[in-house]
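Student: Residue numbers (the numbering used here), protein chains in the order written: chain A, 1 to 114; chain B, 1001 to 1114.
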Amino acid sequence: KQEVTQIPAALSVPEGENLVLNCSFTDSAIYNLQWFRQDPGKGLTSLLLIQSSQREQTSGRLNASLDKSSGRSTLYIAASQPGDSATYLCAARFLSGGYQKVTFGTGTKLQVIP
Amino acid sequence: DTGVSQNPRHKITKRGQNVTFRCDPISEHNRLYWYRQTLGQGPEFLTYFQNEAQLEKSRLLSDRFSAERPKGSFSTLEIQRTEQGDSAMYLCASSPRRDNAEQYFGPGTRLTVT
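1. On the three-state DSSP scale, how would you describe Asp-84(A)?
2. At the level of alpha carbons, what is the spacing between Tyr-1048(B) and Val-1004(B)?
3. Out of Gly-16(A), Leu-19(A), Ile-30(A) and Glu-17(A), which has the shortest C-alpha to C-alpha gap to Phe-104(A)?
4. Closest to Tyr-1035(B) by CA distance: which of Lys-1057(B), Glu-1102(B) and Asn-1100(B) is it?
5. State the start and end residues of the unbroken beta strand (DSSP E) segment that holds Gln-111(A).
6. Taking Asn-22(A) as part of the beta strand (DSSP E), name the residues at either end of that continuous run.
7. Within 9 Å (strictly less), CB to CB, does Gly-1108(B) reach chain A?
8. So which residues on chain B does Asn-32(A) lean against when the C-beta distance must stay under 7 Å?
9. What is the rounded straight-line gap between the Cα of Phe-36(A) and the Cα of Thr-108(A)?
10. Quick one: complete beta strand (DSSP E) runs, 3+ long, within the stretch 1020-1069 of chain B?
11. Take Gly-97(A) as the anchor and find which of Ser-1066(B), Leu-1055(B), Ile-1026(B) and Lys-1071(B) has the nearest alpha-carbon.
12. So, do the stretch 1015-1027 of chain B and the stretch 1073-1087 of chain B have three or more beta carbon pairs nearer to each other than 8 Å?
13. Counting only beta-carbon separations shorter than 9 Å, does Glu-1056(B) have a partner in chain A?
14. Taking Tyr-1104(B) as the query, report the chain A residues whose CB atoms sit under 8 Å from its CB, ordered along the chain.
15. Rounded to whole angstroms, how far is the Cβ of Gln-38(A) from the Cβ of Leu-75(A), which I believe are closer than 8 Å?
16. Contact between the stretch 13-25 of chain A and the stretch 77-86 of chain A: three or more CB pairs below 8 Å?
17. Can you tell me which of Gly-71(A), Asn-32(A) and Thr-58(A) puts its alpha carbon nearest to the alpha carbon of Thr-26(A)?
18. Roughly how many whole angstroms lie between the Cα atoms of Arg-1110(B) and Ser-1087(B)?
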């Protein structure tokens, strides 16, 4: 069974700092890994998708990396802003029972202090 | 098309009542997913449709839950004889048919069972 873990569960940083969010998965045979942002009481907004053949993806101040052999992905946020405050979720897509399934981590709640 | 939409956004119901939620995916997406998210947790997979065919159901989906996608467009999720443990955010996502495609989420329906 694929398990996805995100540590820490919560993180508080001052505005302007660079930070890294971590995501670990137990089964290295993943198809892709997707990072999402979730604001309180809202749905999920996709940030970055990394296919299994890729090592990283970049969008603006965000950079996501994928290391299948170690079962890890990181989301790097440069020059953090108060508007970045949200819960960040990673989700691994893998094959189970003949179908591709997605398993989410429990998220890291980020607070950027002005 | 502005994305995945879900209705209602909030539903409060008394224990024992039936509720039905609706999801309208992005129009060209033929894959549709339902997830459930409780406070402080990541979304958990419930079920998955490709066009009108329900291809996978999680063991989380008890006999009181049923999902349909009759014409391969919108989908409904019905919960019969609701219980307090059903209180959660119900999220819908859609994606194109190609493998490893990115999932796009709706805003969710928050269910409170009193």
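In this text, a Cβ means the ideal position worked out from N, Cα and C, and glycines have one as well.
Tutor: In brief:
1. Translated into positions along the first sequence, residue 84(A) becomes position 84. Three-state result, Asp-84(A): helix.
2. The residue labelled residue 1048(B) in the question sits at position 48 within the second sequence. The residue labelled residue 1004(B) in the question sits at position 4 within the second sequence. Approximately 15 Å, taken between the alpha carbons.
3. As a working mapping, residue 104(A) is identified with position 104 in the first sequence. Looking at Gly-16(A), Leu-19(A), Ile-30(A) and Glu-17(A), the one whose alpha-carbon comes closest to that of Phe-104(A) is Ile-30(A).
4. Position 35 of the second sequence, counted from the start, is the residue given in the question as residue 1035(B). The option with the nearest alpha carbon to Tyr-1035(B) is Lys-1057(B).
5. Within the first sequence, residue 111(A) is the residue found at index 111, counting from 1. In the DSSP assignment, Gln-111(A) falls within the unbroken beta strand (DSSP E) covering 108-113.
6. On the first sequence, residue 22(A) is found 22 positions in, with the first residue counted as 1. Taken as a continuous stretch (DSSP letters only), the beta strand (DSSP E) holding Asn-22(A) covers 19-25.
7. Taking the first residue of the second sequence as 1, we reach residue 1108(B) at position 108. True, the Cβ-Cβ gap to chain A drops below 9 Å.
8. Here residue 32(A) is taken as the residue at index 32 of the first sequence, counted from 1. Those are Asn-1100, listed as they occur along chain B.
9. As a working note, residue 36(A) is residue 36 in the first sequence. As a working note, residue 108(A) is residue 108 in the first sequence. Roughly 11 Å separates the two Cα atoms.
10. Listed in chain order, they are 1031-1037, 1044-1050, 1053-1057 and 1065-1068.
11. If you number the first sequence from 1, residue 97(A) lands on position 97. It is Leu-1055(B) whose Cα lies nearest to the Cα of Gly-97(A).
12. yes
13. Within the second sequence, the letter at position 56 stands for residue 1056(B). Answer yes: the Cβ-Cβ gap between Glu-1056(B) and chain A drops below 9 Å somewhere.
14. As a position in the second sequence, residue 1104(B) is number 104, starting the count at 1. The CB of Tyr-1104(B) comes closer than 8 Å to the CB of Ser-46 in chain A, given here in chain order.
15. In the first sequence, counting from the first residue as 1, residue 38(A) sits at position 38. In the first sequence, counting from the first residue as 1, residue 75(A) sits at position 75. Approximately 13 Å separates the beta-carbon atoms of Gln-38(A) and Leu-75(A); this is outside 8 Å, ruling out the contact.
16. The stretch 13-25 of chain A makes contact with the stretch 77-86 of chain A, as at least three CB pairs between them are under 8 Å.
17. Residue mapping note: residue 26(A) aligns to position 26 of the first sequence, counting from 1. For the residues Gly-71(A), Asn-32(A) and Thr-58(A), the minimum Cα distance to Thr-26(A) belongs to Gly-71(A).
18. Looking up residue 1110(B) in the second sequence gives position 110. Looking up residue 1087(B) in the second sequence gives position 87. Between Arg-1110(B) and Ser-1087(B), the C-alpha separation is close to 8 Å.
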